[in-house]
Structure formats: C-alpha cells, structure tokens
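Residue numbers (our numbering): 4 to 298.
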C-alpha cells in the first residue's frame with residue numbers, strides 16, 4: 004500500500020492522485036494519517052522517501068513492532084510513504100527475513116539526515132531491537148541491549164557502477180527493465196544470514212568491487228539472454244570477465260635511476276609544483292616527489 008501527502012492511496016481518490024500513483028491504488032477505505040493506516044493494514048514493511056523528517060514517530064515504530072510480533076503469515080503486505088523503492092530488492096530482503104517474522108522492516112530513505120523519517124537509534128530502541136533498518140542517510144552503529152547493530156545505508160553506489168559495467172562489457176545496444184531487476188537481484192543475493200544478524204540489509208560496502216563485479220555479471224547475462232549484447236562471443240565466466248575489465252587505482256612504485264628526486268630536475272627546468280609534499284627531505288619544491296626505476 005502507498006501513503007502520500009493526503010493519506011492512503013485508494014482507488015476512490017480518482018481525482019486527487021497522480022497517474023504514477025494509480026499503480027498503488029487499492030480498494031480500501033480512505034485513511035488520513037500514517038498511524039491509522041498501519042493499524043488498519045498491519046504491514047510488515049514501512050518505506051519512507053517523502054523527505055518529511057521524524058515522520059516515523061515513536062508510536063508508529065512501536066505499533067509496527069507490536070503488529071509484527073504477532074504476524075505469522077508470509078511477507079506480502081507493505082506500506083510505502085511517497086516514492087517507491089525497487090520492489091525486487093525489498094521482496095528478496097523480506098524472503099531472507101521470513102524466519103524472523105517478528106522483525107518489522109523500517110526503511111527511512113530520505114536524506115539529508117535532517118529529513119530522515121527516523122534515526123537508527125530510534126528505530127532500534129523503539130522496536131526493542133527487532134527492526135530491520137535501512138536509511139538514506141548514514142548513521143553510526145547502535146548498541147542496544149548489549150548487542151551492536153550496524154545500520155545499512157541504502158545508497159545507489161551499490162548499483163550504478165556494476166550496472167554500468169554490465170552494460171559496457173556486454174555492449175548492450177539498449178537497456179531493458181529486466182536488466183535493472185537483474186542488478187537488484189544481484190545485490191540482494193549477496194546479503195547473507197550473518198549480515199542480517201548484524202542488522203545489515205546490504206552487503207558490507209568494503210566489498211564493493213566484488214559486489215559490483217557480480218552485479219555486472221548479472222546485468223550482462225540478462226543482456227545476452229535478451230539478445231541485446233553486441234560483444235560476441237559471450238564470455239564463459241562473466242563475473243571474472245567483469246573483474247578483469249574493472250579499473251584499478253593501484254600503481255607500481257617507481258624510483259629515479261640516476262639517484263635523487265625528480266624535483267631537482269623540475270626545479271632546474273623552472274617547473275613549479277604546487278602540491279604539498281616533504282618526502283625524503285625534498286626542499287626544492289612544494290610538490291610531490293616521484294621516484295623512478297625500471298622494475
């Protein structure tokens with residue numbers, strides 16, 4: 004279900020909803036406020052992206068927590084505040100959480116922090132540590148009841164590098180919705196039970212290169228399956244191929260074969276560098292020293 008500025012989006016509001024909102028209009032009695040909608044619909048997931056700070060109040064999250072502590076059926080209902088999140092990722096995430104049905108999904112996706120629907124600390128404390136939390140703004144880890152929770156930041160940096168790489172390595176002549184869904188699935192599949200235990204709903208960002216390579220492989224595979232790829236033949240291992248095509252910021256070390264730093268030569272030729280550096284006692288310029296060798 005979808006909750007907008009004027010309350011729950013229902014089919015009876017024919018003249019007050021935007022065309023894109025009609026996709027979320029259901030047969031339901033009009034509900035004016037978020038808390039009443041939650042009590043009536045009993046959702047398992049609350050997704051906010053309207054930019055209304057602190058709209059997920061203590062009573063809202065406590066109600067979500069109370070409702071979901073009694074829910075034992077499948078994760079089928081969800082309520083969304085304003086714009087929508089990729090349903091594919093949410094569905095996969097909720098399937099992973101099916102064995103933890105007493106945990107409400109709270110996604111406060113608005114940013115900056117001042118516009119976040121709630122903070123990580125509020126979500127965890129008001130839900131008694133049961134919330135599966137994600138946010139658009141960064142939040143520090145939260146310790147609640149002797150357990151450390153690591154909030155997940157829903158950032159598009161998880162998707163767009165791998166998605167773009169998948170398009171490039173396949174030579175896709177156009178992008179289809181199925182390719183976007185494949186990217187979301189490729190991300191969701193990398194979330195483990197261990198991640199959930201720590202409160203994460205996304206894989207750790209420190210593994211972003213591996214994450215992006217796997218997403219690129221999924222996107223490229225879908226492009227080949229749809230007949231949209233122009234780079235033929237199709238690589239046997241798309242994940243390894245994606246990794247081989249990725250840019251690396253690591254450079255070899257170089258040393259000056261005649262001794263001394265290159266700054267001496269630059270100073271002799273009246274070349275000025277304006278970078279801050281005092282490597283190996285370089286006094287001839289304020290630039291970075293470059294050491295060269297034929298390794």
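We put the CB at the ideal spot given by N, CA and C, even for glycine.
Residue 21 counts as exposed, since fewer than 16 other C-beta atoms from the protein chains shown sit within 10 angstroms of its C-beta. Per DSSP, residue 235 lies in no alpha helix (DSSP H) segment and is marked neither H nor E.
Distance from the CA of residue 174 to the CA of residue 136, rounded to the nearest whole angstrom, comes to 37 Å. If you check the CB distance, residue 13 and residue 33 come in under 8 Å.
Straight-line spacing of the CA atoms in residue 118 and residue 51 works out to 10 Å. Counted as a single uninterrupted DSSP element, the alpha helix (DSSP H) harbouring residue 128 occupies residues 123-129.
169 is the residue among 132, 169 and 57 whose C-alpha sits nearest the C-alpha of residue 228. The distance from the Cβ of residue 123 to that of residue 154 is about 4 Å, consistent with a contact at the 8 Å cut-off. Annotation for residue 248: 172 place their beta carbon closer than 6 Å to its own, counting only its chain and skipping 5 residues before and after. When DSSP states are grouped into helix, strand and coil, residue 49 belongs to the strand group. Membership of residue 136 in any alpha helix (DSSP H) is not indicated; the residue belongs instead to the beta strand (DSSP E) covering 135-138. One Cα belongs to residue 163, the other to residue 11, and the distance between them is close to 32 Å.
Residue environment analysis places residue 255 among the exposed positions, since fewer than 16 neighbouring C-beta atoms fall within 10 angstroms of its C-beta. Secondary structure note for residue 147: it is in no alpha helix (DSSP H), and the uninterrupted beta strand (DSSP E) holding it is 145-147. Residue 220: member of the alpha helix (DSSP H) spanning 211-228, first to last residue.
When beta bridges are read from the DSSP output, residue 24 appears opposite no residue. Selection 216, 180 and 184 evaluated against residue 251 yields 216 as nearest (Cα-Cα). Taking a 10 Å sphere around the C-beta of residue 221, we find 16 or more other C-beta atoms and assign the residue as buried. Nearest to residue 186 by alpha-carbon distance, out of 219, 106 and 201, is 219. Taking residue 202 as the centre and dropping the five residues before and after it, the same chain places the C-beta of 152 and 153 closer than 6 Å to its C-beta, in chain order.
In the three-state reduction of the DSSP assignment, residue 31 falls in the coil class, being assigned neither a helical nor a strand state.
About 6 Å separates the Cβ atoms of residue 231 and residue 177, confirming a contact at the 8 Å cut-off. Taking the Cβ atoms as the reference, residue 44 lies roughly 11 Å from residue 67, outside the contact range of under 8 Å. Check the Cα spacing between residue 167 and each of 245, 35 and 147: the tightest is with 245.
By DSSP's assignment, residue 156 forms a beta bridge with 138.
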